[in-house]
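Residue numbers (the numbering used here): -8 to 190. Don't be surprised by glycine CBs; every beta carbon is placed ideally from N, CA and C. Owing to the predicted nature of the structure, the values given are computational and were not obtained by experimental measurement.
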Amino acid sequence: MPQGKPSVVPDDGLTTRQRRNRPLVVVHTGVGKGKSTAAFGLALRAWNQGWPIGVFQFVKSAKWKVGEENALRVLGASGEGGSVAWHKMGEGWSWVQRDAQLDNEEKAREGWEQVKRDLAAETYKLYVLDEFAYPMHWGWVDTDEVVSVLRERPGTQHVVITGRNAPGALVECADLVTDMSKVKHPMDAGQKGQRGIEW
């Protein structure tokens, strides 16, 4: 298996192994398609390593049956890799307009409180906080608190956060940030999302 070589080796007193195994904060942001898809691809790698995985969906509707959820639940229950827990926090806040915004804000805050409890307890090795950039961007969850909790999390827990408009403080705190840009999309030509591609 090829291994990447860093272009810079910091003088931080860590061994190569210690530096290599540092827990990461990963952010997938931008207007292009693929932010959640990339995070779930990372979850597949984590599952293969036997890591316990916690998925927290903050925006996609609790009623939606997304393919990644079914696939990861089946894999998690197979006994061959890591376990998978899936938590749905919302009712589709970014795409479905509702009058119940306060309820959605409350659910986002409750979801973040659960993530904090799980981080403190070191429940998972990988956390996928899907669409979590939105509650921070909208002011529903305090970005500075998120950054502080992520910086102070114990153990070797990796966290990947997806969503457009990731706040600058989160981007600054993260170890790996990818900004997905859109070049073309079928929706630009009036085509709606389709099975096997969007869900």
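By the Cβ criterion, the region 90 to 109 is not in contact with the region 18 to 26, since fewer than three pairs of Cβ atoms, one from each stretch, lie closer than 8 Å. Scanning I152, K26, N39 and V140 for the CA closest to the CA of E104 turns up V140.
In this structure, the beta-carbon distance from A30 to T114 does not fall below 8 Å. In the three-state reduction of the DSSP assignment, T134 falls in the helix class, which pools H, G and I. When the Cα atoms are used, W190 and K116 turn out to be separated by approximately 25 Å. Taking 8 Å as the cut-off, the Cβ atoms of V46 and V17 do not count as close. Looking at the backbone, the Cα of A165 and that of W77 are separated by about 23 Å. Boundaries for V57: no alpha helix (DSSP H) harbours it, and the DSSP string shows neither H nor E there. Around the CB of M178, fewer than 16 other CB atoms lie within 10 Å, so the residue is classed as exposed. Non-local C-beta neighbours of P145 in its own chain, meaning closer than 8 Å and more than five positions away in sequence, comprise L110, A111 and E113, ordered along the chain. Here E96 has W131 as same chain residues with Cβ atoms under 7 Å from its own Cβ, once five neighbours each way along the sequence are excluded. One alpha carbon belongs to V(-1), the other to F123, and they sit about 31 Å apart.
In this structure, W38 places its C-beta atom within 8 Å of the C-beta atom of L66.
E59 and R13 have their C-alpha atoms roughly 27 Å apart. Burial state of P126 is buried, judged by a 10 Å Cβ sphere holding 16 or more other Cβ atoms.
One thing to note: L33 has its Cβ no nearer than 8 Å to the Cβ of V106.
In the structure shown, the three-state DSSP call for H128 is helix.
The DSSP-derived three-state label of A76 is strand.
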